[in-house]
Amino acid sequence: MKEQGQLEAQRQFDMMEQCRKRILKLCERAGRPLTYHISTFGCQMNFKDSEKLAGILEQLGYKETDSEQADFVLLNTCTVRENANLKVYGHLGMLKSYKKKNPHMMIALCGCMMQEELVVAKLRKSYRFVDIIFGTHNVYKLAELILTRLETEQMVVDLWEDAREIVEDLPAVRKYSFKAGVNIMFGCNNFCSYCIVPYVRGRERSREPEDIIREINQLVSDGVVEVMLLGQNVNSYGKTLEQPVSFAELLQRIEQIEGLQRIRFMTSHPKDLSEDLIEVMRNSKKICRHMHLPVQSGSTRLLEQMNRRYTKEQYLELVDKLKAAVPDISLTTDIIVGFPGETEEDFQETIDVVRRVEYDSAYTFIYSRRTGTPAAVMEDQVPEEVVKDRFQRLLEVVAECSAKRTGRLEGEIAEVLVEGISEQDSSMVTGRLSNNLLVHFPGTEELIGQLVLVRLEEARGFYYIGARIQ
Ligand code: SAH
Ligand code: SF4
Ligand code: F3S
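When we follow numbering that gives the first Met the number 0, the leftmost residue of the sequence shown carries the number 0, and every step to the right adds one.
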């Protein structure tokens, strides 16, 4: 497998070289560099893929532009909920009008939505102006696909049902110089009954620990101090490797990397969160004091229907263990309201969990029916007005809990990683605490990417105003 991956990487570098020559000619003909724009929807996985796609486009000689009126426009799509999906069709309408003005423009679509047959059939039929369509398993092939498009002058559709090999070491453009996302695994095997991700991202595959460590070492030598380890269920990392390695073991190895200061990860599935991981977090100097631990629902009955494989009690017990081991930990979560068959009692169980856990924040979603998932054909879909009413009530409780939680560090001194100049006030910089909360304090550009000590003077809802300690 590994050798196949290396061969494929080499093949793609050859493709990039051939494609670069073609693009160079097009630039000469146009008398200017060709531009690209990528719009990314969805989660961190997609954002990470977009960095890889941007890396390839830059290698080909394209220059990034903020405008969607570019020579190469790519939409990296998400389909986790219906509204993510609808946004893409909206965008396409606009792109069609741009293409009328610039007939050489190329429009490409990729990402999770493209892994759905019905979507691709619709695009083939009614969106003929799209040039390239590919999915989530062949992101690394972009140069080859552009080359095919230039040679055949026809719509290129390249979709695979599942991934073949993991291709390492292709170029990437990173948004921040000091922090980076690192894939540790791809796909998902959990099949929560509402969720489309396993169908569009394929089966779970972990990267070899050596490849992950090598990538992080390289990032650190490029100036990165914080990494975010990415996977749909990082707690089951390593189970599918020839020589299995647990997530807790991987973290311990990453902790050893000199120069790396902070480690984050997402997402943790409660069913696979091990005692070892809690122990590693307790003893770690680098793992951030934050865990995103999606609960989805507080009702054991619904959790079973959702195929989450834990009960309300098990979840709460896990939270207690985490809080006992890492007393300053901040917890965040995802919650779905209106799953088929949800009763007022089920909903009250969810509210009860929110109050008991006291999340720092929660992402709340209205259940969205995804074709092909088991929940889509369940009876008792909850009426829209009922869902909306519950959703509002949930938001209020979540807001109450975060207000209670987020002020707790007022007056303390804490380490902040400075991320940029504040958007509201250019005399201030904005950074993040280990627990992921934002802090604004007086400072200048030179501080970006540095870890500094800040006194948290005033809590204001989701952020603090602070002052640097010399
Ligand atoms: N792998 C992660 C979640 C990825 S999707 C995990 O298991 O935690 C991010 C979130 O979208 C999920 O946690 C869930 O709350 C929400 N979600 C997924 N499918 C959904 C659907 N059909 N309707 C509404 N929300 C959904
Ligand atoms: Fe979806 Fe569940 Fe997999 Fe998360 S763990 S991606 S919610 S199937
Ligand atoms: Fe969306 Fe795909 Fe992520 S469906 S949430 S972009 S894995």
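Cβ atoms here follow ideal geometry from the backbone N, Cα and C, with glycine treated the same way.
Does DSSP put residue i in a helix, in a strand, or in coil?
i       : result
Lys-320 : helix
Asp-359 : coil
Asn-182 : strand
Ala-171 : coil
Gly-419 : strand
Ile-106 : strand
Thr-429 : strand
Ser-329 : strand
Glu-63  : strand
Thr-474 : Residue numbering for the chain in the displayed model covers 0 to 469; residue 474 lies beyond these limits and cannot be assessed.
Phe-461 : coil
Phe-190 : coil
Val-226 : strand
Glu-303 : helix
Arg-261 : strand
Phe-71  : strand
Ser-205 : strand
Ser-176 : coil
Asp-161 : coil
Phe-46  : helix
Tyr-309 : coil
Gln-347 : helix
Asn-137 : coil
Glu-383 : helix
Val-396 : helix
Asp-271 : helix
Val-166 : coil
Met-377 : coil
For residue i, would you say it is in contact with chain D, using Cβ-to-Cβ distances shorter than 8 angstroms as the test?
i       : result
Ala-107 : Absence of chain D from the displayed structure is noted, only one protein chain being present.
Out of the options, which has the shortest C-alpha to C-alpha gap to residue i?
i       : options                               : result
Val-196 : Gly-41, Ile-55 and Lys-98             : Gly-41
Thr-470 : Met-184, Arg-19 and Glu-395           : Since the first residue shown for the chain is 0 and the last is 469, residue 470 is missing from the structure and cannot be characterised.
Thr-310 : Asp-157, Glu-160 and His-268          : His-268
Gln-217 : Phe-246, Arg-202, Ser-192 and Ile-253 : Ile-253
Val-138 : Glu-150, Ala-107 and Lys-124          : Ala-107
Lys-495 : Arg-308, Leu-85, Arg-263 and Ile-37   : Residue 495 lies beyond the residue range present for the chain, which begins at 0 and ends at 469; the question has no answer from this structure.
Glu-516 : Pro-326, Gln-260 and Ser-298          : Since the displayed the chain opens at 0 and closes at 469, residue 516 lies outside it and no answer follows.
Gly-460 : Lys-403, Leu-122, Trp-159 and Ile-447 : Lys-403
Phe-190 : Arg-369, Val-415, Ser-176 and Gln-449 : Arg-369
Pro-32  : Ser-49, Leu-6, Thr-64 and Ala-142     : Thr-64
Gly-430 : Ala-398, Leu-394 and Arg-467          : Arg-467
Tyr-198 : Leu-436, Gln-17 and Pro-373           : Pro-373
Gln-449 : Gly-222, Leu-321, Glu-248 and Lys-387 : Gly-222
Phe-246 : Arg-261, Asp-424 and Arg-206          : Arg-206
Arg-355 : Thr-135, Met-113 and Asp-319          : Asp-319
Glu-343 : Thr-331, Asp-388, Leu-330 and Leu-317 : Asp-388
Glu-395 : Glu-383, Tyr-358 and Leu-56           : Tyr-358
Gly-201 : Cys-194, Glu-143, Glu-248 and His-136 : His-136
Leu-144 : Gly-92, Lys-47, Gln-17 and Leu-85     : Gln-17
Asp-130 : Arg-263, Arg-148 and Lys-121          : Arg-148
Using a Cβ-Cβ cutoff of less than 8 angstroms, which residues in the same chain neighbour residue i once the five nearest sequence positions on both sides are dropped?
i       : result
Gln-43  : Gly-180, Met-227, Leu-229 and Met-265
Gly-340 : Leu-301, Gln-304, Met-377, Glu-378, Asp-379 and Val-381
Following the continuous alpha helix (DSSP H) through residue i, name the residue where it begins and the one where it ends.
i       : result
Val-498 : Beyond the ends of the chain as shown, which are 0 and 469, falls residue 498; an answer cannot be given.
Asp-275 : 274 to 282
Tyr-88  : 81 to 100
Val-119 : 116 to 125
Thr-151 : 141 to 151
Ile-253 : 246 to 254
Pro-197 : 196 to 200
Lys-238 : Run containing Lys-238: none; DSSP gives neither H nor E here.
Arg-10  : 1 to 29
Going by beta carbon distance, what residues of the same chain come within less than 6 angstroms of residue i, once the five residues before and after it are set aside?
i       : result
Pro-243 : Gly-237
Arg-235 : Per the sequence shown, residue 235 should be read as Ser rather than Arg. These residues qualify, in order along the chain: Asp-271.
Asp-345 : Ser-298 and Leu-301
Asp-351 : Gly-297
Ala-69  : Thr-34, Tyr-35 and His-36
Phe-128 : Lys-95 and Lys-98
List the endpoints of the continuous beta strand (DSSP E) containing residue i.
i       : result
Phe-40  : Here Phe-40 belongs to no beta strand (DSSP E), and DSSP marks it neither H nor E.
Ile-131 : 131 to 133
Val-155 : 155 to 157
Bridge partners for residue i per DSSP, in chain order?
i       : result
Pro-441 : Met-427
Ile-365 : Val-336
Ala-402 : Partner(s): none; Ala-402 has no beta bridge.
Arg-467 : Val-453
Ile-286 : Ile-262
Glu-414 : Leu-452
What residues in its chain sit with their C-beta under 7 angstroms from that of residue i, if we drop five residues either side in the sequence?
i       : result
Met-427 : Ser-421, His-439, Phe-440, Pro-441 and Gly-442
Arg-80  : Phe-364 and Ser-367
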